[in-house]
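Structure, as structure tokens:
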Amino acid sequence: MISTPSLSTNFNQYALNTTPETLQVLFNKIKLKHYEELYEPEADGTALLEDDLNAVIEVLGDSDKPLNHLRYIWMTLILSLAVEPTLEYYDPNNSLPKIIIKLLEELLRTTINSSSKSISIIPDNLDYLINNIFKSHKCYFQKEGANFQAISEALDVFYNAMRVINYNQAVEAILELLDDCLEGYAVFPGSYGRRELFDWWLLDVVPASYNLLPPKLFYVVEGVKNKEEIKLRQTRLLNKISNEIKSSMPKLILKSHIPYNNNIFTPPVKMNIGSFEYSRKINNLSEITQLIGIK
């Protein structure tokens, strides 16, 4: 069994609601670029989206490991919430997105609270969970009008959200998650509106993640049923957790030098749709907490 330590670092050195100069300089450069990957007609092939995504994530992770990891998980939660409506559209009764979002939420709360509560991960159980979270993959494609690419890439977002739990895999997982969202169909299908989505991530989600704050606006694609209700629900959740982080900051003074545990679960295998065919469905948070050992 592998236990993740509570976050023990001095947060007084970090001011919320600030953007470091390195990120601001990067934002200013990227804003002037155009990308073929985002279907921009002005793109001339000189700017590569992958390179600039890597550059932004590198700057985002320029602090100590616990704080970096907290920011990675926060960004993952925001993007997972943005993808949730895709799977809700094809199967509103599937609890998979809410279960994983709840797991990220609990992980953030556990990390910021300096208490005896800890998260223990049993690698074999988490491997089992990773297989189970895709149990519904096959049944999605039995639905009339299902979009294979949108469903696959939305599920891949939640798969990579689980990988972000491991600090050593977090950067790779976030980059894959961003590929599914920005270039893929995880948030919405088609090419129209790609730059708008990218700008929301770059200019709103990245600063919000750096400061552990909600984005100023929550992105929900046009045409989604109950759009304003979804926006309100997601924003309330992020505000609630962000307020908990801010209220916990005075408690997060350095108490001891605890080595940060990078290896929360074993290295992932390539996602194989066929391997999920006979997995059973996980229906509630209690099952997920039993599997990974939230205490």
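Residue numbers (the working numbering): 290 to 584.
Idealized CB from N, CA, C, for every residue including glycine.
Check: For T307, is the classification buried or exposed, using 16 other Cβ atoms within 10 angstroms of its Cβ as the cut-off for buried?; Outcome: exposed
Check: Would you check if there are 3 or more beta carbon pairs closer than 8 Å linking the stretch 441-458 to the stretch 360-380?; Outcome: yes
Check: Cβ of R483 within 8 Å of Cβ of Y378?; Outcome: no
Check: Using only the alpha-carbon positions, how far apart do P548 and S537 sit?; Outcome: Because the pLDDT of P548 is 41, which lies under 50, any placement of that residue in the model is unreliable, and the question is left without a value.
Check: So the alpha helix (DSSP H) I247 belongs to, where does it begin and stop?; Outcome: Missing from the structure shown is residue 247; the chain here goes from 290 to 584 and no further.
Check: I'd like to check one pair, Y481 with N436: are the Cβ atoms closer than 8 Å?; Outcome: no
Check: Measuring from the CB of R360, is there a heavy atom of the ligand FMN at a distance below 7 Å?; Outcome: For the structure depicted, the ligand FMN is absent and the ligand set is empty, with no information on it obtainable.
Check: Taking 8 Å as the cut-off, decide whether the C-beta atoms of L359 and V495 are in contact.; Outcome: no
Check: If you compare alpha carbons, which of F477, L342, K322, P355 is closest to G334?; Outcome: K322
Check: Could you spell out the range, first to last residue, of the alpha helix (DSSP H) harbouring I448?; Outcome: For clarity, residue 448 is Tyr in the given sequence; the question names Ile instead. 437-452 is the span of the alpha helix (DSSP H), which, as asked, contains Y448.
Check: F507 by DSSP, collapsed to three states: which one?; Outcome: coil
Check: In terms of alpha-carbon separation, which member of E339, K320, D341, I388 lies closest to E331?; Outcome: K320
Check: In this structure, how does DSSP classify T400 when only helix, strand and coil are distinguished?; Outcome: helix
Check: So, is S404 buried or exposed, given that buried needs 16 or more other C-beta atoms within 10 angstroms?; Outcome: With a pLDDT of 45 at S404, under the threshold of 50, the modelled position of that residue is not reliable, and the figure given next carries that caveat. Exposed, since its Cβ has fewer than 16 Cβ neighbours within 10 Å.
Check: Could you tell me the distance, in whole angstroms, from the CA atom of I362 to the CA atom of Y456?; Outcome: 9 Å
Check: Taking a contact to mean a Cβ-Cβ separation below 8 Å, would you say S498 touches M364 in this structure?; Outcome: yes
Check: State the CB to CB distance for the pair I346 and I463, rounded to an integer number of angstroms; the pair is presumed to be in contact (CB under 8 Å).; Outcome: 6 Å
Check: Checking 8 Å against the spacing of the C-beta atoms, do L315 and A344 come in under that value?; Outcome: yes
Check: Can you grab the Cα-Cα spacing for the pair Y465 / V446, in whole Å?; Outcome: Strictly speaking, residue 465 in this sequence is Glu, with Tyr absent from that position. Approximately 8 Å, taken between the alpha carbons.
Check: With DSSP as the reference, label F477 as helix, strand or coil.; Outcome: coil
Check: Between the alpha carbons of P608 and E325, how many angstroms are there, rounded?; Outcome: Limits of the chain in this structure are 290 at one end and 584 at the other, which puts residue 608 out of reach.
Check: Would you mind working out which of A459, Q458, I454, C470 sits nearest E442, comparing C-alpha positions?; Outcome: C470
Check: Count the other C-beta atoms from every protein chain shown that fall within 10 angstroms of the C-beta of E472, then say buried if there are 16 or more, exposed otherwise.; Outcome: buried
Check: Terminal residues of the continuous alpha helix (DSSP H) containing E465?; Outcome: 456-467
Check: Round the Cβ separation of K505 and D493 to the nearest angstrom and send it over; I've been treating them as touching at under 8 Å.; Outcome: 6 Å
Check: Taking the alpha-carbon positions, what's the D353 to A459 distance?; Outcome: 14 Å
Check: For the alpha helix (DSSP H) that V348 lies in, which residues bound it at each end?; Outcome: 338-349
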